[in-house]
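Everything on this sheet refers to the single structure shown next.
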Amino acid sequence: MDDSRKGRRWRHPVPQELRKRATRACIACRKAKEKCEGGRPCSRCSRFGQQCIFEAAHSDRRFREEFDRTDERERIHWMELLLKHYVPNISLELQSLRERALEISKSSTTGQVKSGQSNEIMSIGLAEDTEFAISPQSNTTTQYAGELSYVSLSMRMQQVIHQSLRNTLPEVYEPTDLFGDQWSAHPLQSETGLISSSLECLPPRDVAEFLINSFFNYAQTNDFYVEQSQLCETLNLCYSYSAQMQLPHPDASSVCVLLMTLAIGTRFAHMGSPWCVRSDRKIQSVPDHKGGTQFSEDELGLKFYRFASKLLPLIIASASLRTVQACLLMGTYFIHIDASGLSFTYLGLALRMAVQNGMHRRYTGHDLDTETIEIRNRVFWTTYSLERRIGILHGKPTSLNVAEVDAAFPTNIPSLRPANDPSNFSNMITSICLTSNLANFATEIASLRKASTDHKKQCLDNLLSQRESFLAWWASLPNGGLCRDLGPSSGYFRTTIHLQLDCCLIRIFLGWYPLIERVTTSFFHNPEAVDIEDDLPGKSILEADCVKASFEVVNLCTLLDDKIGLARVSFTEFSACRAALLAILAQSISTRTAKLRNALSTGLRLFGVMSMGVGSAPSVVACIESLQKSLHHRMGHSPGKMSTEDLGYDLFKTWVNDWGTEAASIGARASNTSHYTSRATNHNQGDGVLSNVMDSLGFDGLSSADWFNSWSSLFAEVEQ
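Take 1 as the starting number for the sequence shown in the UniProt record's numbering and just add one per residue.
Structure, rendered in structure tokens:
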């Protein structure tokens with residue numbers, strides 16, 4: 001017996017009260033196969049700092065599940081408070097949290113973010129693989145710091161210092177924001193008197209709603225200026241503030257956006273009336289102080305602009321998304337009054353404000369909601385595309401290098417779709433792509449013009465290759481879809497016509513340089529000039545397609561005029577028709593056919609409708625008309641080519657203009673016929689009609705009064 005006791009291990013005596021087992025062990029002790037001494041928490045769970053959970057009996061399962069859910073909700077609540085404290089401006093939406101967690105996981109595995117620095121990088125909005133920062137100050141205001149800027153370098157120093165503080169002195173560590181409030185000019189934003197006085201010009205509520213509907217129906221076609229829901233909220237706030245001054249006043253940028261929307265709406269107000277501007281209808285207008293044509297609503301639009309312009313210092317100081325929208329709308333309003341001056345300046349200001357907000361860069365943070373990010377992207381691409389388009393067509397330098405732009409393309413989200421109108425999302429994307437192609441072609445054409453003789457062939461081949469890719473992309477758009485539906489009964493009729501006009505404008509732009517080069521070379525007899533068609537045959541392709549696209553523009557504008565009427569302030573319609581008329585005039589210098597004559601006559605009639613009472617547009621019409629008159633007066637003395645079927649009519653018109661007599665002998669007519677035929681077949685005599693046109697414009701041509709009289713007679717024909 002002593003031998004058996006010798007092999008047993010001796011235990012320390014335990015008091016009886018401590019030898020009691022719990023009725024039910026906790027889950028942690030059961031999994032570890034350790035004795036649970038009871039209590040909540042038990043001694044073992046307390047010692048190891050783990051959660052002590054007892055499994056309920058089967059009969060108490062419903063109570064247990066409810067208890068677990070309550071405990072879960074409370075735990076999530078405290079975790080959210082801790083997260084908001086340590087990670088400011090974080091969105092607690094499930095999708096946002098998931099994306100941020102995946103980024104942390106991806107960064108830790110790829111080594112892009114170093115250990116211990118990920119929280120600091122996220123808190124200041126700066127990713128380590130990028131050298132710029134976008135810090136949201138509010139839902140509509142962000143601050144951007146670009147590469148190698150003071151703030152960008154300071155942020156990287158801040159990361160190192162804060163990481164060192166966290167490791168060595170965690171009790172004194174406190175995150176700071178280098179952007180801060182010192183960037184915002186708050187003292188300049190407190191002029192409530194200007195905002196109150198600007199609200200005094202608001203029309204009655206029903207009139208304002210009509211102008212806003214006109215803006216969204218006819219102005220915001222293939223672009224995006226402002227979201228309709230936000231504009232309606234601003235409208236309600238403005239009218240509520242006008243009725244009860246004790247309410248908080250709207251901010252200056254929102255008021256400016258509202259006023260400029262109303263101003264642009266006055267330009268398109270006629271489109272929704274039975275007296276829509278049509279070339280075959282009478283036009284309700286009044287003569288202005290210069291004797292021209294002025295619409296009564298134009299003065300109302302200028303009134304809205306004057307009040308909005310008083311808020312310009314305030315909205316520039318705020319530097320928010322609304323600032324970009326306000327400047328964009330101002331540039332759009334002046335696009336027909338002074339496209340290359342005021343409009344380009346306001347659009348440039350809008351682009352600068354967009355850059356200040358970092359809208360030209362892809363936003364990868366989590367502090368802004370999805371809708372705000374989408375609005376930022378749409379407004380930026382509209383601003384960038386419109387400013388770039390005007391800069392190219394009016395010979396302005398590039399304001400923002402395309403290499404600096406990596407903003408995300410717009411996406412189709414349901415919250416930004418129109419309530420009752422068809423969505424123009426597909427057309428908006430196509431319009432952005434068209435502007436991008438126009439910019440690429442402008443770069444290639446500039447290279448072609450500056451290239452030496454040895455490199456011109458290569459530059460032209462590159463241009464033709466890009467043109468083929470562009471035409472293939474355009475042909476790939478769905479027929480009958482949103483981008484190509486030209487049915488008059490479709491809700492996309494006007495927007496798709498505008499896309500067609502933009503495409504034709506690009507084709508005209510491609511062939512404009514070789515067309516003018518051929519005309520000037522052939523008519524000024526440059527002995528050192530090479531034969532363009534023999535040396536660079538690709539130019540003839542561009543030239544022929546340029547003329548073909550010009551005819552298509554006239555046909556599309558005629559279709560618009562017949563079905564729904566032309567807008568007298570549409571930049572797309574006006575620019576395309578202007579380019580088409582100039583191309584037709586250039587082609588008419590060397591070749592005159594009935595098709596060219598008819599297209600020129602129809603285009604001038606439609607062009608006059610588009611430019612009624614709008615800023616500098618009438619002077620553009622007068623300039624083109626003077627070119628047409630000079631061409632018509634000198635056509636009998638030009639060495640241009642004439643087709644056989646058109647020769648007789650042109651000779652007859654020349655004879656009538658030169659002699660003005662009704663009776664002429666058959667012999668005189670035969671003499672004149674042989675005289676003009678010899679001139680028409682001789683291609684190497686005289687200075688040409690181009691020099692005659694220039695002489696007529698510069699010296700003995702039409703005076704300013706003649707230009708105005710010819711312009712007035714055009715409108716007199718339209719009104720009859």
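C-beta atoms are modelled at their ideal positions from N, C-alpha and C, and glycine is treated no differently.
From R322, G341, T364 and D406, residue whose alpha carbon lies closest to that of M353:
Here residue 353 refers to the residue found at position 353 of the sequence shown. Per the Cα distances, R322.
Can you tell me whether M694 is helix, strand or coil according to DSSP?
In the sequence shown, the residue the question calls residue 694 occupies position 694. Low confidence applies here, because M694 scores a pLDDT of 38, under 50, leaving its location unreliable; read the following figure in that light. Looking at M694 - three-state DSSP - the assignment turns out to be helix.
Measure the CB-CB distance between T70 and R494 and report whether it falls below 8 Å.
For the purposes of this step, residue 70 is taken as the residue at position 70 of the sequence shown. For the purposes of this step, residue 494 is taken as the residue at position 494 of the sequence shown. No.
Identify, in the order they occur along the chain, each residue of the same chain with its Cβ nearer than 6 Å to the Cβ of R417, setting aside the five sequence neighbours on each side.
For the purposes of this step, residue 417 is taken as the residue at position 417 of the sequence shown. For R417, where only same-chain residues beyond five positions count, the Cβ hits under 6 Å are S423.
Local Cβ density within 10 Å of D534, reported as buried at 16 or more and exposed below that:
Residue mapping note: residue 534 aligns to position 534 of the sequence shown, counting from 1. Only weak support is given to the placement of D534: the predicted model assigns it a pLDDT of 45, under 50, and the value that follows is read from those uncertain coordinates. By the 10 Å Cβ count, D534 comes out exposed.
Nearest-angstrom Cα distance between K310 and E404?
As a first step, residue 310 is located in the sequence shown; it is residue number 310 there, counting from the start. As a first step, residue 404 is located in the sequence shown; it is residue number 404 there, counting from the start. When rounded, the distance between both Cα atoms is 32 Å.
Note the first and the last residue of the continuous alpha helix (DSSP H) segment covering K457.
Counted from its first residue, the sequence shown places residue 457 at position 457. It spans T453 to S476 - the alpha helix (DSSP H) in which K457 sits, taken as one unbroken run.
Report the option in L102, N217 and P313 whose CA atom is closest to the CA atom of I195.
Here residue 195 corresponds to residue number 195 of the sequence shown, with the count starting at 1. When only C-alpha atoms are compared, the closest one is P313.
Classify K539: buried if its beta carbon has 16 or more other beta carbons within 10 angstroms, exposed otherwise.
Position 539 of the sequence shown, counted from the start, is the residue given in the question as residue 539. K539 is buried by the Cβ-count criterion.
Would you say I212 and T142 are within 8 Å of each other, going by their C-beta atoms?
Looking up residue 212 in the sequence shown gives position 212. Looking up residue 142 in the sequence shown gives position 142. No, the Cβ-Cβ distance between I212 and T142 is not below 8 Å.
For K35, the three-state DSSP class (helix, strand or coil):
Position 35 of the sequence shown, counted from the first residue, corresponds to residue 35. Three-state result, K35: coil.
With DSSP run on the structure shown, which of helix, strand or coil describes D251?
Sequence index remark: in the sequence shown, residue 251 carries index 251 (1-based). Correct three-state label for D251: coil.
Closest to Y384 by C-alpha separation, out of N412, A439 and G365, would be which residue?
Counted from its first residue, the sequence shown places residue 384 at position 384. Taking only the C-alpha atoms, the option nearest Y384 is A439.
Is it the case that the segment 498–510 contacts the segment 432–446, given that we only count it when at least three CB pairs across the two stretches are under 8 Å?
yes
Just reading off the alpha helix (DSSP H) that P313 is part of, what are its end residues?
Here residue 313 refers to the residue found at position 313 of the sequence shown. Segment L312 to S318, the alpha helix (DSSP H) holding P313.
Using three-state DSSP, classify C42 as helix, strand or coil.
Reading the sequence shown from its first residue, position 42 is the one you call residue 42. It is coil, neither helix nor strand.
Straight-line gap, N357 to S320 (C-alpha atoms, nearest Å):
Residue numbering aside, residue 357 sits at position 357 when the sequence shown is read from its first letter. Residue numbering aside, residue 320 sits at position 320 when the sequence shown is read from its first letter. The alpha-carbon atoms of N357 and S320 are separated by roughly 7 Å.
In whole angstroms, what is the alpha-carbon distance linking residue 724 and L81?
Residue 724 lies beyond the residue range present for the chain, which begins at 1 and ends at 720; the question has no answer from this structure.
May I ask you to report which of helix, strand or coil DSSP gives A263?
Along the sequence shown, read from residue 1 onward, the residue named residue 263 stands at position 263. Here A263 sits in helix by DSSP.
I need the straight-line Cα distance from K33 to E55, nearest angstrom please.
To locate residue 33, count along the sequence shown from 1; it is residue 33. To locate residue 55, count along the sequence shown from 1; it is residue 55. Approximately 15 Å between the Cα atoms of the pair.
Check whether the segment 301–310 and the segment 225–245 touch, using three or more Cβ-Cβ pairs below 8 Å as the test.
no
With burial defined as no fewer than 16 other Cβ atoms inside 10 Å of the residue's Cβ, what is the status of N427: buried or exposed?
The sequence position of residue 427 within the sequence shown is 427, counting from 1. Label assigned to N427: buried.
Check the C-beta distance from T572 over to L606 and give it rounded, since I have them as a contact under 8 Å.
What you label residue 572 is simply residue 572 of the sequence shown in a count that begins at 1. What you label residue 606 is simply residue 606 of the sequence shown in a count that begins at 1. Not confirmed; about 13 Å, so no contact.
beta-carbon R376 near the ligand ATP non-hydrogen atom, thresh 7 Å:
As far as ligands go, the structure on display features none, and thus does not contain the ligand ATP.
Run of the alpha helix (DSSP H) containing C557, from where it starts to where it stops
Within the sequence shown, numbered from 1, the residue matching residue 557 stands at position 557. First-last of the alpha helix (DSSP H) with C557: G538 to K563.
How would you write the range of the alpha helix (DSSP H) that N427 sits in, first residue to last?
Your numbering for residue 427 matches position 427 in the sequence shown. Unbroken alpha helix (DSSP H) run through N427: F425 to K450.
Report yes or no: do the segment 377–394 and the segment 357–367 share at least 3 C-beta pairs separated by less than 8 Å?
yes
Beta carbon of I541 nearer than 8 Å to that of L600:
Indexing the sequence shown from 1 puts residue 541 at position 541. Indexing the sequence shown from 1 puts residue 600 at position 600. Not in contact: I541 and L600 (Cβ atoms no closer than 8 Å).
Could you spell out the range, first to last residue, of the alpha helix (DSSP H) harbouring Q356?
Position 356 of the sequence shown, counted from the first residue, corresponds to residue 356. From DSSP, the alpha helix (DSSP H) with Q356 extends over F344 to Q356.
Would you identify the three-state DSSP class for C623, choosing helix, strand or coil?
The residue given as residue 623 occupies position 623 in the sequence shown. In this structure, C623 counts as helix in the three-state DSSP scheme.
At the level of alpha carbons, what is the spacing between L566 and L515?
Within the sequence shown, residue 566 is the residue found at index 566, counting from 1. Within the sequence shown, residue 515 is the residue found at index 515, counting from 1. L566 and L515: Cα-Cα distance of roughly 29 Å.
Distance CB(V255)-CB(S198) smaller than 8 Å
As a working note, residue 255 is residue 255 in the sequence shown. As a working note, residue 198 is residue 198 in the sequence shown. Yes, the pair counts as a contact, with Cβ atoms nearer than the cut-off.
How would you write the range of the alpha helix (DSSP H) that R568 sits in, first residue to last?
Here the question's residue 568 lines up with position 568 in the sequence shown. That residue, R568, is in no alpha helix (DSSP H); it is neither H nor E in DSSP.
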